[in-house]
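Data first, discussion second: the structure below is written as structure tokens.
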């Protein structure tokens, strides 16, 4: 599956992303509990990041081979320490890779929300699965919350829209019942599809900005000049202050969608 992508700087920063490492790790652990282990599994991890969680999956599932793919060179730099004869990492867009199946498990944690046309995407991934193969997908689903809506709205304003040109990050995620229908139509005989709100407690509302700087805001950082992105952050923080209560600590529920199925 391929799509055209404009060459651009990377907005991903390992240190920024891992500021909330524990909060980002727990959903992956929950995702692994959905997987039905089998002997000699061949696993593909899409959007593997630093590879640390890929290694966790590889070891827990005692896989024969695991391949992790990520588009970010800076994130993958850390993965080198985890490589072995049976655990490999490749730099590639997660919707533009040339690895042949079949795979017993295609795993993706907090990555496929960036990819458009989920009906086509899931059909493509299903075609790479072995007989009785499994999909296990987790995607952040907070796009209807202020931290995300503010960024979407600012992208339509000057001076940001001029530099962003035609780019708009509008989620392609489906309602959970649509994923259930999609899995059924794709031939999955078992499935578990649900949404969970993780109850995070942040020190202050300033940490909301720090959170999204490691994820959502990367797509704007990639496309804006350094000067314009600095202005973007200043305005973003002002909007956060206007819409999120000034509470310390701040309760910050974060929704995530889980999609698991077995053929």
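Numbering (the working numbering), first residue to last: 1436 to 1698. Glycine residues also receive a C-beta, built at the ideal position from the N, C-alpha and C atoms.
Excluding five sequence positions before and after residue 1679, the CB atoms of its chain that fall closer than 8 Å to its own CB belong to 1581, 1582, 1640, 1643, 1685, given in chain order. The C-beta separation of residue 1482 from residue 1546 comes to about 2 Å, placing the pair in contact by the 8 Å criterion. In this structure the segment 1496 to 1510 does not touch the segment 1557 to 1572; the number of beta carbon pairs closer than 8 Å is below three. Per the DSSP secondary-structure output, residue 1689 pairs in a beta bridge with 1633.
Under the 10 Å beta carbon count, residue 1457 is surrounded by fewer than 16 other beta carbons and is classified as exposed. Burial is judged here by how many other beta carbons sit within 10 angstroms of a residue's own beta carbon; residue 1577 has at least 16 and is buried.
Boundaries cannot be given for residue 1470, as no beta strand (DSSP E) includes it and DSSP labels it neither H nor E.
At the C-beta level, residue 1595 and residue 1542 stay beyond 8 Å of one another. Distance between residue 1536 and residue 1479, taken at the CA atoms: about 9 Å.
In the structure shown, the three-state DSSP call for residue 1684 is coil. For the pair residue 1606 and residue 1548, the CB atoms are nearer than the 8 Å cut-off. Residue 1665: member of the alpha helix (DSSP H) spanning 1661 to 1678, first to last residue. Under the three-state reduction of DSSP, residue 1537 is assigned to coil, being neither helix nor strand.
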